[in-house]
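Here the structure is laid out as structure tokens; the discussion comes afterwards.
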Amino acid sequence: MTSPSCPTATRLYENGKVIAQDFGYDEVSGLLAKHPGAVLWLDLFAPEPGDLELVAKEFELHPLAVEDAMTDHERPKLDRYPHHVFLNVYAVDIATKDSETRFGKTEISAFVTPRALITVRKSPSDTSKFVDRWEAETDLDAADGVGFLLYGLLDVVVDGQYAATQRLDTAMDQVEDALLEEGGAPRAVRMKGIHQRKLLAALRRAVAPMPELVGQSMRSDLGLVDQNLRPYYRDVEDHAQHTLDEVEHLRDRIDSLLQADTAEQGNVLNDTTRKLAAWAAIVAVPTALTGYFGQNLPYPGYEKLSGFLVSSALIVLGSVGLYLYLKRRGWL
2 MTSPSCPTAT RLYENGKVIA QDFGYDEVSG LLAKHPGAVL WLDLFAPEPG
52 DLELVAKEFE LHPLAVEDAM TDHERPKLDR YPHHVFLNVY AVDIATKDSE
102 TRFGKTEISA FVTPRALITV RKSPSDTSKF VDRWEAETDL DAADGVGFLL
152 YGLLDVVVDG QYAATQRLDT AMDQVEDALL EEGGAPRAVR MKGIHQRKLL
202 AALRRAVAPM PELVGQSMRS DLGLVDQNLR PYYRDVEDHA QHTLDEVEHL
252 RDRIDSLLQA DTAEQGNVLN DTTRKLAAWA AIVAVPTALT GYFGQNLPYP
302 GYEKLSGFLV SSALIVLGSV GLYLYLKRRG WL
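Sequential numbering of the sequence shown, starting at 2, is according to my numbering.
This is how it looks when you write it as structure tokens:
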């Protein structure tokens, strides 16, 4: 059997325990035949179309599912095909560096056959988390079939999404303090709040379908989840719903903060406008009276060059001084 040219990881599990690992793809058929009760995990990183076609032929993967696995930015979903189940999920991560919050995600496609879990990753990610989760679940020794492997995959993905949500919540605390300052927040703070709202939108696209996806995987007609695994899948489903609830809460929170900041800026603007209008009314009284009576009284330097220079200097100095004052207050 020809081996895929892309990097692969292989592990063979029986009764929840690994019995072989890091073997070549050409050994897969022999090991599955030698251990009829074992299930395979095969991981493919950025495979070429020919690589996936080779695997598809061996495990009877549907062409539409193969096409989805090769296409970027597919939505999270679970589809059933005659010989396997196909699902697409996103492992996400949020990190804060130099007071900047960054969002990263890895698209993972998975084919779930009766004897194998085949994962296809389109960008680098840490697959050791899946392995650690499978090895840590010692209570699942009696787990039957590939549902054990699918549980570990979904559990790691959902836990990562919840951890990212918590980190974004912590980052939002700093923005909240600045946005609620008296007089409205500076533009840099508002832009940070808008950036976090964009991160929440991207996170929600990955998180929102997960409760339904996990629920679909427990359908009896799929035959993936036995009685031993069902409580574990329900726990993952509960965590996925909790994560979605947290994301919705954070979205409402950042929207409320931005609206509160906009309202505070509006209040400050109204107060400033009211002060300017009051001063304009005070100045308008003498201006109107002197204009009505045509008052033009002599002053020091009247009809002399020195008077013209003094008045010009006062105009320039007064205008520059007013400009600097307004600039310092942030009105210009």
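Don't be surprised by glycine CBs; every beta carbon is placed ideally from N, CA and C.
The beta-carbon distance between T102 and Q197, rounded to whole angstroms, is 6 Å. This is short enough to meet the 8 Å contact definition. With respect to the C-alpha of D178, the residue from V121, A34 and L258 having the closest C-alpha is L258. C-alpha of N16 to C-alpha of D256: approximately 49 Å in a straight line. Residue environment: R122 is assigned as buried (16 or more neighbouring CB atoms within 10 Å of its CB, all protein chains considered). The three-state reading of DSSP puts N268 in helix, counting H, G and I together.
Using a Cβ-Cβ distance cut-off of 8 Å, the region 144-158 and the region 234-245 are in contact, since at least three pairs of beta carbons, one from each stretch, lie closer than that value.
Spanning the alpha carbons of R330 and L270 requires a straight line of approximately 12 Å. Pairing D80 with D69 gives a Cβ-Cβ distance under 9 Å.
For the 9 Å CB-CB criterion, T244 and T166 form a contact.
The C-beta distance from G194 to L180 rounds to 6 Å, short enough to meet the 8 Å contact threshold.
When only Cα atoms are considered, R206 and V248 end up about 10 Å apart. Across the structure, D44 and V208 are spaced so that their CA atoms are roughly 23 Å apart. Measuring C-alpha to C-alpha distances from P187 to each of Q266, A164 and V132 identifies Q266 as the nearest. A direct Cα-Cα distance of roughly 12 Å separates A96 from D170.
DSSP, reduced to helix, strand and coil, places G105 within a strand of the structure shown. With respect to V90, L214 sits close: the two C-beta atoms are nearer than 9 Å.
Taking every protein chain shown into account, the CB of A39 has 16 or more other CB atoms within 10 angstroms, so this residue is buried. Note that the C-beta distance between H85 and F60 is below 9 Å. Taking C-beta atoms under 8 Å as the contact rule, F104 and L230 fail to qualify, at a distance of about 32 Å. Rounded to the nearest angstrom, the Cβ distance from V147 to P115 is 7 Å, consistent with a contact under 8 Å. By the neighbour-count criterion, in which 16 or more other beta carbons inside 10 Å mark a residue as buried, I316 falls on the exposed side. V40 has Y14 as its beta-bridge partners, per DSSP. C-alpha of L306 to C-alpha of A314: approximately 12 Å in a straight line.
The beta carbons of H240 and D133 sit about 17 Å from each other, so the pair does not count as a contact at 8 Å. Going by beta carbons, L225 and V113 fall inside the 9 Å limit.
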